[in-house]
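One structure below.
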Amino acid sequence: MSAKHRTLWTFAITSIALFMVTLDNLVVTTAIPVIRRDLHASISQLEWTVNAYTLTFAVLLLTGAALGDRFGRRRLFVIGMAIFTAGSIAAALAPSATALDLARGFQGIGGAIVTPLTLTILSAAVPREKRGLALGAWGGIGGLAVALGPLVGGAVVEGISWHWIFWLNVPIGLVMIPLALSRLQETRGPEGHLDLRGLGLVSTGLFALVWGLVRGNEVGWSSAEITGAIAASVVLLALFVRWELRAPNPMLPLRFFRNRTFALTNVASLFMFFGMFGSIFLLSQFFQTVQGYSPLQSGLRILPWTAMPIFIAPLAGALSDRIGGYRIMAVGLALQATGLAWIAAVASPTNAYSSLVIPFVLSGIGMALFFAPVANVVLSAVRPEEEGKASGANNAIRELGGVFGVAVLASVFSHYGGYGTGTSFVNGLTPAVWVGAIVVGAGALAAIAIPRRKPPVAAAQELEPALEAAA
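Residues 330 to 800 (the working numbering) are what the sequence shown spells out, left to right.
Right, dumping it as structure tokens:
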């Protein structure tokens, strides 16, 4: 097989895998009202339907990258696809909300292994001069999958049933596994050490924090359960930071954050996913719960938001190397924040759909402009041999942003409103989306603060060919 054909196969396989595992972040959102009725789920169980996947996904991303470096990226990619497919089967067969949440967590394990490996496998297969375009397309595909989740979920729920949201993953997974074995090259990273202590501390610390955020409104914020969970999370996460500073082979090298480009890009990612995930979690229910539309009709009404990455992401990826990815990210975050603020300002139980079209379009353009360049900006801040950990860190941080966004915005929603009537739903929706808009706006400020000059590592890499020729 020629190098060109191998590159094309690599791009196709990694893109399909990325799309499938990323789609499952929000594919259940338009199905939530149906799942709530079918499985008699509470608001906290519905939050876990989303967060069980994203939290497991986020916590294990760095471990997935490390396992690939140690045992072979293609091998771990195949194992991750198998786990994700098995988790999808379990979710499709779930007889209760608790069983569904557990299956979603198992899916997240597979997704955490697959996602960082799609980036490192693709990056190794693409020539350096085409890297910005390829990574821009990779980011655009991930953003498109997140954005299309509500529409795909609504179409499947209305056309068949919510169980088929998960059944559809099974044939794709069964096809992708043999293709990966036959078409991808096996590669390994320079380091293959597993930071099990770090994994244990961060996993338990984040789980305790999310548990407290999800259950706070239900059992009381001053209860022993919630104060104990949040206090335990603070202690465990502080111990994680302390360990990572001392560990010989940390799962998250904290020295990365000394680089302003890396640190600020990850802050922007955290805030973007916070506002976007939390808002979509609630907005995808608005049309069904308040205005009486079907799941498919709800997904179609969000289409002006979700369709924008199809048109905007390729252009943004191609331009990222020319005008600076941080500029594109800042504009995207500002547009997303503007769209969310607009939605919060006009939301009412009876407002016409036409009043939401323009803010949906703005949010969709903003989403596409952010997703396309973010991977290339992050990887430009580290050395090539560190790309696995850097990409894993960025994906983990933005997924954690989604977890916190759903948990916090759902808590705001529950505090001010609820599912009782259309008015009570909007009473909770409005302040929650305002919070999302403010947080995304803070992300835009972080993107603006990213250094204008090229990071030293990237500049040195560009000089390497000339230095080698001179020698």
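Cβ coordinates follow ideal geometry from the N, Cα and C atoms, glycine included.
Q: Would you mind sorting Glu573 into buried or exposed? The rule is 16 or more other CB atoms within 10 Å of its CB.
A: The residue in question, Glu573, is buried, as its Cβ has 16 or more Cβ neighbours within 10 Å.
Q. Any idea what DSSP makes of Asn380, helix, strand or coil?
A. Asn380: helix per DSSP, three-state reduction.
Q: State yes or no: is the C-beta of Gly483 within less than 8 Å of the C-beta of Val443?
A: In this structure, Val443 does not lie closer than 8 Å to Gly483 by Cβ.
Q: Could you tell me the boundaries of the alpha helix (DSSP H) in which Pro760 lies?
A: Looking at the DSSP string, the run of the alpha helix (DSSP H) that includes Pro760 is Gly751 to Ile777.
Q. Helix, strand or coil: how does DSSP classify Arg517 here?
A. If DSSP states are grouped into helix, strand and coil, Arg517 belongs with coil.
Q) On the three-state DSSP scale, how would you describe His744? A) Helix.
Q: Can you grab the Cα-Cα spacing for the pair Ile726 / Ala387, in whole Å?
A: Taking the straight line from one Cα to the other gives about 7 Å.
Q. In its own chain, which residues sit with a C-beta less than 6 Å from the C-beta of Ser720, not counting the 5 before and 5 after it?
A. Taken in chain order, the residues that qualify are Pro445 and Leu448.
Q. Which term fits Glu515, buried or exposed, when burial requires 16 or more other beta carbons within 10 angstroms of its beta carbon?
A. Classification of Glu515: exposed, given that the 10 Å Cβ count is below 16.
Q: Could you check if Asn354 is buried or exposed, using at least 16 other CB atoms within 10 Å of its CB as the buried criterion?
A: Label assigned to Asn354: buried.
Q: State the start and end residues of the unbroken alpha helix (DSSP H) segment that holds Ser613.
A: For Ser613, the enclosing alpha helix (DSSP H) starts and ends at Arg589 to Thr618.
Q) Do the stretch 730-739 and the stretch 358-366 touch if we need at least three Cβ pairs shorter than 8 Å? A) No, because fewer than three Cβ pairs between the stretch 730-739 and the stretch 358-366 fall closer than 8 Å, the two stretches do not touch.
**Q.** Neighbourhood of Thr339 by C-beta, 7 Å cutoff - its chain only, sequence neighbours within 5 removed
**A.** The beta carbon of Thr339 sits closer than 7 Å to the beta carbons of Ile450, Leu451, Ala454 and Leu513 from its chain, once the five residues preceding and following it are set aside; these are given in chain order.
Q. From Tyr682 to Arg630, what distance separates their C-alpha atoms?
A. Roughly 8 Å separates the two Cα atoms.
Q: Could you pull the start and end residues of the alpha helix (DSSP H) that Pro445 belongs to?
A: Start and end: Ala426 to Ala454.
**Q.** Cα-Cα separation between Val350 and Val675, rounded to whole angstroms
**A.** Their Cα atoms are separated by approximately 33 Å.
Q) The alpha helix (DSSP H) with Thr679 in it runs from where to where? A) No alpha helix (DSSP H) contains Thr679, which DSSP labels as neither H nor E.
Q: Taking Val703 and Ser608 to be in contact with their CB atoms under 8 Å, please state how far apart those CB atoms are, rounded to whole angstroms.
A: That pair is no contact at about 19 Å.
Q) So Phe699 packs on Met637, CB below 8 Å; how close in whole Å? A) Contact doesn't hold; Cβ gap of about 11 Å is too wide.
Q | Candidates Gln617, Thr594, Asn723 and Trp493, of which the one nearest Phe754 by Cα | A | Per the Cα distances, Gln617.
Q) With DSSP run on the structure shown, which of helix, strand or coil describes Ser371? A) If DSSP states are grouped into helix, strand and coil, Ser371 belongs with coil.
Q: Following the continuous alpha helix (DSSP H) through Ser562, name the residue where it begins and the one where it ends.
A: Bounds of the alpha helix (DSSP H) holding Ser562 are Ala553 to Arg575.
Q | DSSP three-state assignment for Gln790, whether helix, strand or coil | A | Low per-residue confidence applies at Gln790: pLDDT is 48, beneath 50, and the placement is therefore not dependable, though the value from the model is reported in the following sentence. Reduced to three states, the DSSP call for Gln790 is helix.
Q: Evaluate contact between the stretch 410-419 and the stretch 495-504, counting only Cβ atoms and requiring at least three cross-stretch pairs below 8 Å.
A: Touching, yes, given that three or more Cβ pairs across the two stretches are closer than 8 Å.
Q. So which of Ile494, Arg544 and Leu566 has the shortest CA-CA distance to Arg526?
A. Comparing Cα-Cα distances from Arg526 to each of Ile494, Arg544 and Leu566, the minimum goes to Leu566.
Q.
Rounded to the nearest angstrom, what separates Arg517 and Gly693 at their Cα positions?
A. One C-alpha to the other measures close to 37 Å.
Q) Beta carbon of Ala568, beta carbon of Phe742: below 8 Å? A) Sequence check: residue 568 is Leu here, not Ala. Taking 8 Å as the Cβ cut-off, Leu568 and Phe742 do not qualify as a contacting pair.
Q: Identify which residue in Thr343, Arg571, Leu389 and Ile767 has its Cα closest to the Cα of Ala804.
A: This structure cannot speak to residue 804, because the chain is shown only from 330 to 800.
Q. Taking C-alpha atoms, which residue in Pro678, Ser677 and Ile641 lies nearest to Val660?
A. Comparing Cα positions, the closest option is Ile641.
Q | Cβ neighbour criterion (16 or more within 10 Å) applied to Pro479 | A | With 16 or more other Cβ atoms inside 10 Å of its own Cβ, Pro479 counts as buried.
Q. At which residues does the alpha helix (DSSP H) containing Asn498 begin and terminate?
A. Note, Asn498: alpha helix (DSSP H), Asn498 to Arg512.
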